[in-house]
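>
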Amino acid sequence: MKNRPETAAQPHLEFNVEFDETVRVAAEEQKYAATPMVGVERIMFERLGGEVVRRATSVVRYQPESYFESHAHAGGEEFITLSGVFSDENGDYPKGVYVRNPVSSTHRPHSKEGCEIFVKLAQMPDSENHESFILDTNTADWQINANGIALLQLWKSEYEDTQLIRLPAGSRLVEDVVDEVTEYFVLDGDLQINDEAFTAHSWVRFKPHSSLILRSDNGATLYRKIGKGFVRR
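Mapping of the sequence shown onto this note's numbering: position 33 corresponds to residue 38, and the numbering continues sequentially without gaps.
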């Protein structure tokens with residue numbers, strides 16, 4: 006990898022971390038911001054902290070031959086590759102691969118050809134699995150319900166219930182009202198939630214006790230998390 010200079014450090018930020026409010030970040034509203042490493046940019050959906058965060062959810066884009074210096078994830082890291090191939094010293098993670106790196110894990114991420122990932126930081130409890138969990142969603146065993154909607158369980162614990170959902174064209178899904186927040190990220194396709202439209206790479210987190218009806222005219226793949234994960238303040 007080429008030696009790339011660092012940009013300015015990330016200042017402390019605190020936004021979208023109050024869970025009693027519904028927050029939306031539509032794809033057309035998003036703008037990439039620089040990270041401390043040249044060639045790596047991110048769109049921030051929620052964040053608490055500086056470069057070392059107490060909580061963050063983002064899309065991160067790596068230009069070809071870009072990298073981040075080796076660092077630790079004090080609260081763990083969860084990601085799914087959206088495009089290209091994301092890599093570190095432990096392996097390569099092409100589009101559709103889902104990874105959970107445990108609390109206090111370290112790596113030096115990079116991308117030879119360039120990539121985008123959806124990533125969540127510092128949302129795992131110290132007690133969670135101390136080994137990395139890797140799932141290729143392209144070849145995993147999806148469960149299809151009577152309405153043709155496909156579900157893939159990514160992770161489930163007392164803090165979260167995380168799945169991928171594939172909605173066929175013209176489908177409708179009524180979500181049960183739950184006592185926790187419900188978060189969606191649109192991996193691809195088109196989505197309407199309570200008749201509000203969301204295109205690919207839109208992010209929305211609904212406050213607890215929300216009643217939700219999901220529809221897709223042309224089909225969509227969604228990341229859904231029920232629960233806040235582990236919250237650090």
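Just so it is clear, CB atoms sit at the ideal spot from N, CA and C, and this is done for glycine as well.
So for Ala145, helix, strand or coil by DSSP?
Taking the first residue of the sequence shown as 1, we reach residue 145 at position 140. Of the three classes helix, strand and coil, the one that applies to Ala145 here is coil, per DSSP.
> Restricting to Cα atoms, I'd like to know which of Glu121, Ala145, Trp208 and Asn106 is closest to Lys100.
In the sequence shown, the residue the question calls residue 100 occupies position 95. Ranking Glu121, Ala145, Trp208 and Asn106 by Cα distance to Lys100 puts Glu121 first.
> Classify Ala225 as helix, strand or coil using the three-state DSSP reduction.
The residue you call residue 225 lines up with position 220 of the sequence shown. If DSSP states are grouped into helix, strand and coil, Ala225 belongs with the strands.
> Run through DSSP, which three-state label would Ala79 get?
As a working note, residue 79 is residue 74 in the sequence shown. Reduced to three states, the DSSP call for Ala79 is coil.
> Could you please give me the residues that DSSP links to Val102 through a beta bridge?
Taking the first residue of the sequence shown as 1, we reach residue 102 at position 97. Its beta-bridge partners are Asp141.
> Once DSSP output is grouped into helix, strand and coil, what is the label at Glu33?
The residue labelled residue 33 in the question sits at position 28 within the sequence shown. Glu33: helix per DSSP, three-state reduction.
> Within the continuous beta strand (DSSP E) that includes Thr204, where are the two ends?
Numbered from 1 along the sequence shown, position 199 holds the residue referred to as residue 204. It is not in any beta strand (DSSP E) - Thr204 carries neither H nor E in the DSSP assignment.
> Consider the Cβ of Asp195: report whether some Cβ of chain E lies at a distance smaller than 7 Å.
Given the protein chain composition of this structure (a single chain), no chain E is represented.
> When the Cα atoms are used, what is the spatial distance from Val182 to Ile218?
By one-based count along the sequence shown, residue 182 stands at place 177. By one-based count along the sequence shown, residue 218 stands at place 213. Between Val182 and Ile218, the C-alpha separation is close to 10 Å.
> Report yes if the CB atom of Phe73 is closer than 7 Å to the CB atom of Met42, and no otherwise.
In the sequence shown, the residue the question calls residue 73 occupies position 68. In the sequence shown, the residue the question calls residue 42 occupies position 37. Yes, the Cβ-Cβ distance between Phe73 and Met42 is below 7 Å.
> Checking the sheet assignment: what are the DSSP bridge partners for Ile85?
Here residue 85 is taken as the residue at index 80 of the sequence shown, counted from 1. Tyr103 and Phe123.
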